[in-house]
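Notes follow once the structure below has been shown.
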Amino acid sequence: MAFDGFRQWCEQVERDLDPGAQMLHFLRQEVPSATEAEWYQVEALTSTASTLALNICRQAGKSSTLAAMGVRELQAGGTTIALCPAERQVRELTRKVQLYLRATDLIVERGTQSEIECNTGGRFIAVPASGATIRGYTASRLLVDEAAWIQDDESIITALLPMLTDNGTVVYASTPAGRNNFFARLFLDRKPNDGIHRITVPGTSIPRLASRVERLRQQLSATRFRQEVLGEFLADGTSYFDLSAIEQATNPQEGAVCPRM
28 MAFDGFRQWC
38 EQVERDLDPG
48 AQMLHFLRQE
58 VPSATEAEWY
68 QVEALTSTAS
78 TLALNICRQA
88 GKSSTLAAMG
98 VRELQAGGTT
108 IALCPAERQV
118 RELTRKVQLY
128 LRATDLIVER
138 GTQSEIECNT
148 GGRFIAVPAS
158 GATIRGYTAS
168 RLLVDEAAWI
178 QDDESIITAL
188 LPMLTDNGTV
198 VYASTPAGRN
208 NFFARLFLDR
218 KPNDGIHRIT
228 VPGTSIPRLA
238 SRVERLRQQL
248 SATRFRQEVL
258 GEFLADGTSY
268 FDLSAIEQAT
278 NPQEGAVCPR
288 M
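Take the position in the sequence shown, starting the count at 1, then add 27; the result is the number in the numbering used here.
See the structure below:
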């Protein structure tokens, strides 16, 4: 028994020192057979950038990463505001944070379907994407889930960013949804030394998703596959080619292949 206690202590120390081990410990609360955290999850958890942009394919563990960030902020005694497009996603992300908290020694002093307070003084608050619902908070970490799918995203981000403390961090995570949104511009309008840590994770880069990716390749249109699985920012979320590329497809003798609009 004494040896078992020492082993548990060593495992706890490892998790405290190694974000990858901690992430794996969280994942095993959902999937006991999990053997390792994904590379991008560790990179995201250890990032020191003030702004992190995660372009991640479906079912790759994006919500798990955000939940782990929320738990780590609770451990540090900070406040996390998580923004989701819909109420259902608010509840799901909060449920995942509550599940991961079981893998820590934190004590939940107050918990609802959208808010958690712990004995460290940390708070996790998940809200639907509405300018009216997100004003009035102050946070050390902002998590924007499915950022590309938030309606009126410019107004929402304008209301969100002033809540962040001076040393706080903001994380935008999503699969692409066209090019005409704030999330797409984070990747397409890059500026030198802008301080944004960008991570792109196509489904084809994750071995455990191989069978699922192949099934989607067979069942989805080429456009949808490129967007949902490969993480490409297409012209409007549905077009296979950008309209500008089609307009420029000209022949000096025959003129434009398709007329300009």
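Note that CB positions come from ideal geometry on N, CA and C, so glycine has one too. For clarity, every value in this text was computed on a predicted model and none was experimentally measured.
Item	Value
So, for F53: in the same chain, excluding its five sequence neighbours on each side, which residues have a beta-carbon less than 6 Å away from its beta-carbon?	A95, Y127, A130
Within the chosen definition, does the region 61 to 70 reach the region 164 to 176 through at least 3 CB pairs nearer than 8 Å?	no
With respect to the alpha helix (DSSP H) encompassing D179, which residues constitute its N-terminal and C-terminal limits?	Note, D179: premise wrong, no alpha helix (DSSP H); not H, not E.
Going by Cα to Cα distance, which pick from P155, K123, T165 is closest to Q56?	K123
Pop quiz: D291 and F214 are said to be a contact at Cβ under 8 Å. What is the actual Cβ separation, rounded to whole angstroms?	In the structure as shown, the chain starts at 28 and stops at 288, and residue 291 therefore has no counterpart that could be examined.
Which two residues bound the contiguous alpha helix (DSSP H) that contains T92?	89 to 102
So is Q140 buried or exposed if we call it buried at 16+ other beta carbons inside 10 Å?	exposed
Leaving out five residues before and five after G88 in sequence, what residues of the same chain have Cβ atoms less than 7 Å from its Cβ?	E65, Q68
Please name the residue in T107, A80, G47 whose C-alpha comes closest to that of D216.	A80
On the DSSP bridge list, what partners appear for L191?	A166
Give the DSSP bridge partners of T227, in chain order.	N82
Just how far apart, CA to CA, sit V154 and E119?	11 Å
Per the DSSP calculation, D172 is bridged to which residue(s)?	A200
Since I108 contacts V228 with CB under 8 Å, what's their CB separation in whole angstroms?	24 Å between Cβ atoms; not a contact.
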